[in-house]
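Notes to accompany the following structure.
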Amino acid sequence: MSNVISIKGAPLAHDPALRGYHVAYRPNQANACPGCGRSHWLVGRLLAECAFCATALPLVETGTTGTGLFRGLHREHQLAA
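Last residue of the sequence shown: 85 in our numbering, with the numbers rising by one and none dropped.
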């Protein structure tokens with residue numbers, strides 16, 4: 005039995021480049037709230053929340069920077085030393 009979900013025989017794309025546009029908060033762009041249409045946001049580390057209707061959107065660049073992240077380059081550098 006396959007673990008891939010399919011619709012009409014076509015597998016679903018999990019690659020962001022293949023799935024197309026998805027609703028998310030994009031920094032340095034005009035972000036209209038899908039719930040109320042306004043554009044005032046409270047931005048956190050993982051989510052941006054509309055200040056008027058509290059609709060939460062994921063950030064596009066979540067987890068790409070910051071302390072506490074595990075990076076393969078850092079581990080390889082330690083092994084080479």
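Note that CB positions come from ideal geometry on N, CA and C, so glycine has one too. All values derive from a computational prediction rather than experimental measurement.
Check                                                                                                           : Outcome
Secondary structure of Val-64, DSSP reduced to three states                                                     : coil
Selection from Phe-56, His-26 and Pro-38 that minimises the alpha carbon distance to His-44                     : Phe-56
Other residues of its chain near Val-27: CB distance less than 8 Å, five sequence neighbours each side excluded : Pro-38 and Leu-61
Leu-46 (DSSP reduced to helix, strand or coil)                                                                  : strand
For Cys-54, the residue or residues it bridges with in DSSP                                                     : Trp-45
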